[in-house]
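Okay, so here's the structure we're looking at.
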Amino acid sequence: MNNLKTPVYVIDEKKLIENCRILKDVQERSDAKILLAQKAFSAYSTYPVIAEYLAGTTSSGLFEAKLACEEFYTKEQRKHLEASNITSSTKLPEIHVFEPAFGDEEMKEICDIADHLVFNSINQLEHHRAVWEKAVNEKGSNDEPKVRNGFSVGIRVNPEFSTQDDHEIYDPCAPGSRLGIRVCDLGDKLPDGVEGLHFHTLCEQGFEPLKETFEAFEKAFGKYLPGKNNDSHLKWINLGGGHHITKPDYDREGLIELVKYIRNTYGLQVYLEPGEAIALDAGYVITTVMDIVTTEKYPVLILDTSAACHMPDVLEMPYRPPLRDGGEPGAKKYTYRLSSRTCLAGDVIGDYSFDNEIKIGDRLCFEDMAIYSMVKNNTFNGMPLPDIAVLHEDSSTEVVKKFGYDDFKCRL
Ligand SMILES: Cc1ncc(COP(=O)(O)O)c(C=O)c1O
641 MNNLKTPVYV IDEKKLIENC RILKDVQERS DAKILLAQKA FSAYSTYPVI AEYLAGTTSS
701 GLFEAKLACE EFYTKEQRKH LEASNITSST KLPEIHVFEP AFGDEEMKEI CDIADHLVFN
761 SINQLEHHRA VWEKAVNEKG SNDEPKVRNG FSVGIRVNPE FSTQDDHEIY DPCAPGSRLG
821 IRVCDLGDKL PDGVEGLHFH TLCEQGFEPL KETFEAFEKA FGKYLPGKNN DSHLKWINLG
881 GGHHITKPDY DREGLIELVK YIRNTYGLQV YLEPGEAIAL DAGYVITTVM DIVTTEKYPV
941 LILDTSAACH MPDVLEMPYR PPLRDGGEPG AKKYTYRLSS RTCLAGDVIG DYSFDNEIKI
1001 GDRLCFEDMA IYSMVKNNTF NGMPLPDIAV LHEDSSTEVV KKFGYDDFKC RL
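With the first letter of the sequence shown counted as 1, position 404 gets the number 1044 in the numbering used here; the numbers rise by one all the way through.
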């Protein structure tokens, strides 16, 4: 990695595969289907690797859905597609789409691409009914598909059960939330054609909050579920993302038991759509120290990367990214403030200490930088975007994307 031009995002393929193996094991032992939430990680050069392990993708709208449709295949599936050799027995990765509102001009194309479509309100479901009902007829159901994996429509519900204290902006159950239909806004029966329920309420959480949320969901929405309701047409439930399944301390056995309980009690196919868990700790930002400025506090390292431009969640969430060989301020001999060359005074990544004095030209490595980084970066101040490289399993590195002036200009 020492030869890569900085700043650069480096995706660690080995770690990505380790995460995917854990998720595949959960899939196989629970019979859940696990989807990559592309909003967290869409570096599609790695999709053929991820597609070997997961059941498909979920998308936040048309563009992510198109990306999945073009890129999320194993090498084998790609061969079949290129040879137009898709038969009903060729299983392709599933494409799910949820967005709070879909434009009229997008709906037909989304229905063509998607296997599952989730609406955020009854207004939206009814507004687009003619288009999605046509797709159901043409593409067939998930059980008896005529095109790809067939087509199924669901709605997102709000279990009104908050489990997060720290990050209200990431809490879809916070008071006044626009995300998901509350039970009081649903009638006695689900609208015709709805085959699935979706909720997403967690953020970087363990199993216990999911269990509690499911219990709250079951209490509020149980009347719509098969088993308790013989008229129910529900076929699936999607438990959203925010599950830190690949963290060593995650209670995966608990999750497997919950999925089995849902399937055994209600006969529903369970979906999980984590983003973070898939590429957790599977990427770095490598940066070079461009200058060192003395202040009345710690000396400030001016880096060629930026929190505001290249890792916006550091400021938005906020959080302190792990830095290789870096300690808490004061823990090691030399402490510095790590900052950027943008004009934003608050563009500070954090204060870190080192065993050795840092010099201009040194390279530093921020860790856990694959998720919500590349998908959220920007060119504020005309900052160059970091290239994207992959550190392959055999330790070779490959630069898969280079960015320059045109990428700044073409957006303006
Ligand atoms: C509907 C939905 N699904 C899945 C995810 C992925 O969540 P995470 O990356 O935290 O696992 C999100 C994140 O915001 C989401 O809004």
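Ideal placement from N, C-alpha and C gives every residue a C-beta, glycine not left out.
Return the CA-CA distance between VAL925 and TYR810, expressed in angstroms with no decimal places.
The sequence position of residue 925 within the sequence shown is 285, counting from 1. The sequence position of residue 810 within the sequence shown is 170, counting from 1. Those two C-alpha atoms are separated by around 24 Å.
Flag ILE750 as yes when its Cβ comes closer than 8 Å to any non-hydrogen atom of ligand 3, and as no otherwise.
Within the structure as shown, ligand 3 is missing, the only ligands being ligand 1.
Is ASN763 closer than 9 Å to ARG818 when the C-beta atoms are compared?
For this step, residue 818 is matched to residue 178 along the sequence shown. For this step, residue 763 is matched to residue 123 along the sequence shown. The answer is no: Cβ separation not under 9 Å.
Decide yes or no for the touch test of the stretch 660 to 670 against the stretch 1038 to 1051: beta carbon pairs closer than 8 Å, at least 3 of them.
no
What are the boundary residues of the alpha helix (DSSP H) that includes PHE847?
Numbered from 1 along the sequence shown, position 207 holds the residue referred to as residue 847. PHE847 -> alpha helix (DSSP H) spans 847 to 861.
Cα separation between ALA770 and ARG796?
Taking the sequence shown and counting its residues from 1, the one referred to as residue 770 is at position 130. Taking the sequence shown and counting its residues from 1, the one referred to as residue 796 is at position 156. Rounded to the nearest angstrom, the two C-alpha atoms are 19 Å apart.
On the DSSP letters alone, give me the boundaries of the alpha helix (DSSP H) that SER980 sits inside.
To locate residue 980, count along the sequence shown from 1; it is residue 340. Run containing SER980: none in the alpha helix (DSSP H); it sits in the beta strand (DSSP E), 974 to 980.
GLU692, DSSP secondary structure in three states:
Locating residue 692 in the sequence shown gives position 52, where the first residue counts as 1. Reduced to three states, the DSSP call for GLU692 is coil.
For CYS843, the nearest candidate out of LEU732, GLY915 and PHE861 (CA to CA)
The count along the sequence shown starts at 1 and reaches residue 843 at position 203. It is GLY915 whose Cα lies nearest to the Cα of CYS843.
Unbroken beta strand (DSSP E) run spanning GLN909, endpoints
For the purposes of this step, residue 909 is taken as residue 269 along the sequence shown, with counting starting at 1. Start and end: 909 to 912.
Can you tell me which of TYR687, ILE932 and LYS715 puts its alpha carbon nearest to the alpha carbon of VAL1040?
Here residue 1040 is taken as the residue at index 400 of the sequence shown, counted from 1. The shortest C-alpha separation from VAL1040 is found at TYR687.
Would you call PHE703 buried or exposed, if buried means 16 or more other Cβ atoms sit within 10 Å of its Cβ?
Indexing the sequence shown from 1 puts residue 703 at position 63. Under this definition PHE703 is an exposed residue.
I need the boundaries of the alpha helix (DSSP H) containing CYS1005, first residue and last residue.
Here residue 1005 refers to the residue found at position 365 when the sequence shown is read from its first residue. Run containing CYS1005: none in the alpha helix (DSSP H); it sits in the beta strand (DSSP E), 1003 to 1007.
Does ligand 1 have even one heavy atom less than 8 Å from the beta-carbon of HIS807?
Counting from one through the sequence shown, the residue named residue 807 turns up at place 167. Every heavy atom of ligand 1 is 8 Å or more from the Cβ of HIS807, so no.
Close beta carbons around GLY894, own chain, < 6 Å, minus the five adjacent residues each side:
By 1-based counting over the sequence shown, the position of residue 894 is 254. The residues are PHE847.
Candidates GLU956, ALA856 and PRO785: which alpha carbon is nearest GLU800's?
On the sequence shown, position 160 is the one that residue 800 refers to. The shortest Cα separation from GLU800 among GLU956, ALA856 and PRO785 belongs to ALA856.
So, GLU734 versus GLY696, is the Cβ gap smaller than 9 Å?
If you number the sequence shown from 1, residue 734 lands on position 94. If you number the sequence shown from 1, residue 696 lands on position 56. Cβ distance < 9 Å, so GLU734 and GLY696 count as in contact.
Fully enclosed by the stretch 722 to 805, which beta strand (DSSP E) runs are 3 residues long or longer?
734 to 738, 756 to 759 and 792 to 796
Under the three-state reduction of DSSP, which class applies to LEU963: helix, strand or coil?
Along the sequence shown, read from residue 1 onward, the residue named residue 963 stands at position 323. Strand.
Whole angstroms are fine: how far does the CA of PRO962 sit from the CA of ILE998?
By 1-based counting over the sequence shown, the position of residue 998 is 358. By 1-based counting over the sequence shown, the position of residue 962 is 322. About 17 Å.
Using only Cβ atoms and a threshold of 5 Å, which residues come within that distance of a heavy atom of ligand 1? Order them by chain position.
ALA677, ALA680, HIS840, GLY880, GLY881, GLY882, GLU913, PRO914, GLY915 and GLU916
Buried or exposed: where does LYS779 fall if 16 or more other Cβ atoms within 10 Å of its Cβ makes it buried?
In the sequence shown, counting from the first residue as 1, residue 779 sits at position 139. Its Cβ being crowded by 16 or more others within 10 Å, LYS779 is buried.
Classification of ARG892 by the beta-carbon crowding that lies within 10 angstroms, buried from 16 upward:
Locating residue 892 in the sequence shown gives position 252, where the first residue counts as 1. Buried is the call here.
Skipping 5 residues on each side, what residues in its chain have a beta carbon closer than 7 Å to that of THR714?
Here the question's residue 714 lines up with position 74 in the sequence shown. These residues qualify, in order along the chain: PRO688, ALA691 and GLU692.
Quick check: the Cα distance between ILE902 and VAL910, rounded to an integer number of angstroms?
Residue numbering aside, residue 902 sits at position 262 when the sequence shown is read from its first letter. Residue numbering aside, residue 910 sits at position 270 when the sequence shown is read from its first letter. About 7 Å.
Bridge partners - LEU707, DSSP secondary structure assignment:
Taking the sequence shown and counting its residues from 1, one reaches residue 707 at position 67. According to DSSP, which records beta bridges pairwise, LEU707 is partnered with nothing at all.
Anticipated Cβ contact below 8 Å, ILE651 with LEU663, distance rounded:
Sequence index remark: in the sequence shown, residue 651 carries index 11 (1-based). Sequence index remark: in the sequence shown, residue 663 carries index 23 (1-based). So it is not a contact: roughly 17 Å between Cβ atoms.
Which two residues bound the contiguous beta strand (DSSP E) that contains PHE994?
Numbered from its first residue, the sequence shown carries residue 994 at position 354. 988 to 994 is the span of the beta strand (DSSP E), which, as asked, contains PHE994.
Should the stretch 931 to 941 be called in touch with the stretch 772 to 792, which here means at least 3 C-beta pairs below 8 Å?
no
Going by DSSP, what residue range makes up the alpha helix (DSSP H) through LYS1049?
Numbered from 1 along the sequence shown, position 409 holds the residue referred to as residue 1049. Unbroken alpha helix (DSSP H) run through LYS1049: 1045 to 1049.
Compare the beta carbon distance of PHE1006 and ILE989 with 9 Å and say whether it is the shorter of the two.
To locate residue 1006, count along the sequence shown from 1; it is residue 366. To locate residue 989, count along the sequence shown from 1; it is residue 349. Taking 9 Å as the Cβ cut-off, PHE1006 and ILE989 qualify as a contacting pair.
Are the CB atoms of HIS756 and SER792 nearer to each other than 9 Å?
Position 116 of the sequence shown, counted from the start, is the residue given in the question as residue 756. Position 152 of the sequence shown, counted from the start, is the residue given in the question as residue 792. Yes, these two residues count as a Cβ contact at 9 Å.
From the DSSP output, in three-state form, read off TYR924 for me.
Here residue 924 refers to the residue found at position 284 of the sequence shown. Reduced to three states, the DSSP call for TYR924 is strand.
Going by DSSP, what residue range makes up the beta strand (DSSP E) through ILE821?
The count along the sequence shown starts at 1 and reaches residue 821 at position 181. Neither: ILE821 is in no beta strand (DSSP E) and is coded neither H nor E.
Contiguous beta strand (DSSP E) assignments of at least 3 residues, all confined to the stretch 644 to 684
648 to 652 and 673 to 677
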